[in-house]
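Novice:
In the numbering used here, the protein residues as written are 469 to 678.
(1) Tell me the DSSP secondary structure of residue 537 in three-state form.
(2) Mark residue 544 as exposed unless 16 or more other C-beta atoms lie within 10 angstroms of its C-beta, in which case mark it buried.
(3) For residue 485, is the classification buried or exposed, using 16 other Cβ atoms within 10 angstroms of its Cβ as the cut-off for buried?
(4) Tell me which same chain residues have a C-beta within less than 7 angstroms of the C-beta of residue 559, skipping the five on either side of it?
(5) Taking residue 501 as the reference, which of 488, 476, 482 and 585 has the closest Cα?
(6) Classify residue 581: buried if its beta carbon has 16 or more other beta carbons within 10 angstroms, exposed otherwise.
(7) Quick one, are the C-beta atoms of residue 614 and residue 606 less than 8 angstroms apart?
(8) Measure how close the beta-carbons of residue 529 and residue 478 come, nearest whole angstrom, since I'm counting them as under 8 angstroms.
(9) What would DSSP say about residue 609, mapped onto helix, strand or coil?
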């Protein structure tokens with residue numbers, strides 16, 4: 469693919485005293501590309517994602533979103549980037565369906581369109597039969613799929629995910645890989661920190677840390 473990168477790192481580095489949290493890292497992700505970040509524990513995978521979110525300050529180099537320094541304090545960048553890096557706050561007294569619909573409405577505004585989008589995402593993530601349950605009534609794997617649905621229901625040019633395979637069995641990991649690839653085909657750029665072989669095999673590019 470060609471075009472302006474959605475996400476780009478140029479010598480991105482994070483140190484804390486004498487400890488290197490992220491060694492100098494350079495790469496770029498174009499629209500419609502699905503990239504994985506791999507490496508052992510402590511190699512800097514989550515640190516890199518947080519640098520793109522602006523929650524981890526770089527000590528050298530840069531991370532950019534659509535050519536601008538990564539800074540999700542800017543409203544435009546918040547519209548461009550969706551993420552599941554930190555746990556998503558959920559409402560204990562709202563059903564899964566209500567919460568996915570609420571997030572859709574916050575981005576799409578129009579009630580029928582938001583409802584249709586929410587139902588589509590709920591169905592694609594295999595949550596239709598769980599829609600009337602509350603977060604505390606589902607398993608850890610189902611809660612992970614719910615968190616991914618909350619992330620995917622909104623529009624975004626780029627999606628950042630930290631170990632989306634967490635708590636999932638092999639069948640559900642395959643579902644995640646398929647839905648990431650499907651969304652990438654629609655033009656979304658992905659940067660995914662993972663240990664999961666199935667996701668690495670489905671991606672277009674790879675950043676190996678450590």
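Don't be surprised by glycine CBs; every beta carbon is placed ideally from N, CA and C.
Since we're looking at a predicted model, the values are computed, not measured.
Specialist: With the given structure in hand:
(1) strand
(2) exposed
(3) exposed
(4) 567
(5) 476
(6) exposed
(7) yes
(8) 6 angstroms
(9) helix
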